Amino acid sequence: MSEHQILFTLDILGTLTFALNGALTASRRVRLDIVGVLTLGVVTAVGGGMTRDVLLGDTPPDALKHWYYLATALGGAAIAWFIARPPRALARTIVVFDAIGLSVFAVAGAQKAVGLGLNPAPAILLGAITAVGGGTIRDVLIREVPSVLTSDLYAIPALIGAATAVLGGAAGLAPFPAAALGAILCFGIRMAGVRYRLQAPSHPPRAPEPPTSRQA
Amino acid sequence: MSEHQILFTLDILGTLTFALNGALTASRRVRLDIVGVLTLGVVTAVGGGMTRDVLLGDTPPDALKHWYYLATALGGAAIAWFIARPPRALARTIVVFDAIGLSVFAVAGAQKAVGLGLNPAPAILLGAITAVGGGTIRDVLIREVPSVLTSDLYAIPALIGAATAVLGGAAGLAPFPAAALGAILCFGIRMAGVRYRLQAPSHPPRAPEPPTSRQA
Amino acid sequence: MSEHQILFTLDILGTLTFALNGALTASRRVRLDIVGVLTLGVVTAVGGGMTRDVLLGDTPPDALKHWYYLATALGGAAIAWFIARPPRALARTIVVFDAIGLSVFAVAGAQKAVGLGLNPAPAILLGAITAVGGGTIRDVLIREVPSVLTSDLYAIPALIGAATAVLGGAAGLAPFPAAALGAILCFGIRMAGVRYRLQAPSHPPRAPEPPTSRQA
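Protein chains in written order, with this note's numbering: chain A, 64 to 279; chain B, 64 to 279; chain C, 64 to 279.
Next up, the structure:
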């Protein structure tokens, strides 16, 4: 396969898995009808990229310009509707594919932002938004505190992968090797996080206190 | 009335009812001050169209370009503030006008997207977003799972109405008859859904299980 | 200092305090890891301005174009991570600086919208969105009903400050005096609200009733 075909295949694979996993996660937590399951699957898959494109001013977003994104996302969400409750072996496979989606989205989002003229720091941020934005919107819609804010190594590998791709490119690497390096790093850290249950640092819990100042 | 005047009148009527209904729904569920009631009414009325326009890259959105949208929405929300608790007969009327708003917004949103060059599938989706987006943003703000995801025939008639308008246009119908056909279909299905308490399909409830995999 | 330097200094000060206060508020209410604290601080600081820029079609938003916004916001959020629980004297100082941020953001956001050709009413609205949007997004992410909808004088001073700047400009005032007048008015009303615990009007509480009509 050519470099372009590899990236395209991974992009579609990521979209499919994000939709599948997003719809399954949502229906585990909230009772949804078929509209809800399909909507949340599609939102998980394309929400991050759409947020990126809106912020970049590249509208309509890719997910509305190219039919295969919506079709793939809808397909993944429909699979989630039919299997409803995945067997354990499938659940493990989904975690792996989800990590692939995370890696590809982070790297591709960051490189797109660089290509449209953004500086490294905001480009890295947009890469991470591409990767975690869809899941965050889904969590807000089903009234969960987005898991990316509270636990687990999920945003951090995305940021590292995006940074590798952006800084590798700035250091003279060609786009494809820079993307591959970033994606492999992101995937590795994410899977190590899953395997060893790594968490981002947080303060020890403390007794709740009444708010003393008001802030909107 | 000319075709244009009919569409304009329905658009304004839909905006007014969405604001009224949105503000009433919000204040039934959460204790709000006057800023909250007005904000949520306006958000319900113009949030869907603003989302559509941002995704289409047609900024500033119509609701910020034409004074009558904000004025109408604010008027509807102010009525909600004063009546606070509508008598039963009014509640029924609101359901009918809300279905009119749903129909007009779905059809007009989809036709606008086609006019700006989108393909049929994303145009239909943007029609539905125009129709249900405002209520969804309101529900997120008052911390409800958006009802469009969990119950009732609300998104489905919007999708059918938008699809009729888009595909009717593609099949050679002039814009106004295509819009009228789509809107009447949407309105009919929505009101039938209200009358016969139709629901979109959902899986039977099951015992909650602890999450086995983590997904952001 | 020149007028420009004054505005710039206040803008940076507002960004810093919004990030600090936003991150502290979020971590008081929800258990977050370091990614969550930094994200919510940055979102509080730049979310309002980014929403304004997306609605104005001025993309990428200022916060992604100029490095000092992200850097300042990240700095403020990092301070929040390290102090974690501010002493009482610091909490009071934060309230004052937060009111400065509110005032500067409302006035600057409204003037920017006017400069890009918006009419007075939507420009005033965008000023208020700049000022309260970041805190609202933060509250949605941590699953709180945005406090701006339920209590306190927060949106009202922002609207008054933005209106003063916009209408003062329309009445012939130069941009800087119009901005200064609006900001001082906003700051004064906000601080009076904090001091005397003023609330926007709301209906008296009543017994909850089951919803009688369905609205999405």
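Every residue, glycine too, gets a C-beta built ideally from N, C-alpha and C.
Model, not experiment: these values are computed from the prediction.
Sub-9 angstroms separation of residue i and residue j beta-carbons
i	j	result
Ala221 of chain B	Gln174 of chain B	no
Ala136 of chain C	Val98 of chain C	no
Gly111 of chain A	Ile187 of chain A	no
Ala194 of chain A	Ala226 of chain A	no
Ala86 of chain C	Ala126 of chain C	no
Ala228 of chain C	Leu244 of chain C	yes
Ala140 of chain B	Leu101 of chain B	yes
Val106 of chain A	Leu204 of chain A	yes
Phe160 of chain A	Asp74 of chain A	no
Leu248 of chain C	Gly224 of chain C	yes
Gly172 of chain C	Ala152 of chain C	no
Leu61 of chain A	Gly77 of chain A	In the structure as shown, chain A begins at 64 and stops at 279. Residue 61 of chain A is therefore absent and cannot be evaluated.
Gly198 of chain A	Thr114 of chain A	no
Leu230 of chain A	Leu181 of chain A	no
Ala246 of chain C	Val170 of chain C	yes
Gly232 of chain B	Val158 of chain B	no
Proximity test, Cβ basis, 9 angstroms: residue i and chain C
i	result
Ala134 of chain B	yes
Gly139 of chain A	no
Pro183 of chain B	no
Arg94 of chain A	no
Thr199 of chain A	yes
Val208 of chain A	yes
Thr78 of chain B	no
Leu248 of chain B	no
Val203 of chain A	yes
Pro123 of chain B	yes
Backbone secondary structure at residue i - three-state DSSP
i	result
Asp96 of chain C	strand
His129 of chain A	coil
Ser210 of chain A	helix
Asn283 of chain A	Residue 283 of chain A lies beyond the stretch modelled for chain A, which goes from 64 to 279, so this question has no answer here.
Tyr259 of chain A	helix
Thr280 of chain B	An answer regarding residue 280 of chain B cannot be provided, because it is not within the stretch 64 to 279 covered by chain B.
Ser65 of chain C	coil
Pro185 of chain B	helix
Leu73 of chain B	helix
Ala234 of chain A	coil
Leu179 of chain B	coil
Leu103 of chain C	helix
Leu216 of chain C	coil
Gln278 of chain C	Bear in mind that a pLDDT of 46 at Gln278 of chain C, under 50, signals an unreliable position, so the model cannot answer this.
Ile205 of chain C	coil
Arg148 of chain A	coil
CB contact below 9 angstroms: residue i versus chain B
i	result
Gln278 of chain C	Any reading at Gln278 of chain C must be qualified, since the residue scores a pLDDT of 46, below 50, and its modelled position is unreliable; no value is offered.
Ser90 of chain A	yes
Thr147 of chain A	The displayed chain sequence assigns Ala, not Thr, to residue 147 of chain A. Cβ-Cβ to chain B under 9 angstroms: yes for Ala147 of chain A.
Gly85 of chain C	no
Val170 of chain A	no
Leu189 of chain C	yes
Val211 of chain C	yes
Leu179 of chain C	yes
For residue i: DSSP bridge partner residues
i	result
Ser265 of chain C	B:Asp96
Residue i at chain A interface by Cβ criterion, 9 angstroms
i	result
Val159 of chain B	no
Ser65 of chain C	no
Val117 of chain B	yes
Gly196 of chain B	no
Thr102 of chain C	yes
Lys175 of chain C	no
Thr193 of chain C	no
Leu127 of chain B	no
Leu165 of chain B	no
Gly120 of chain B	yes
Gly99 of chain C	yes
Glu272 of chain C	With a pLDDT of only 49 at Glu272 of chain C, under the threshold of 50, the placement of this residue in the model should not be trusted; the figure read from the coordinates follows. Judged by the 9 angstroms Cβ criterion, Glu272 of chain C is not in contact with chain A.
Legend entry - Near-chain C residues of the region 251-265 of chain A (beta-carbon distance less than 8 angstroms), N- to C-terminal order: For the region 251-265 of chain A, which is checked against every Cβ of chain C, the residues closer than 8 angstroms are Gln262, Ala263, Pro264, Ser265.
Inset, instruction - Could you list the residues in the region 217-230 of chain C with a C-beta less than 8 angstroms from some C-beta on chain A, going in chain order? - result: The region 217-230 of chain C vs chain A, Cβ under 8 angstroms: Tyr217, Ala218.
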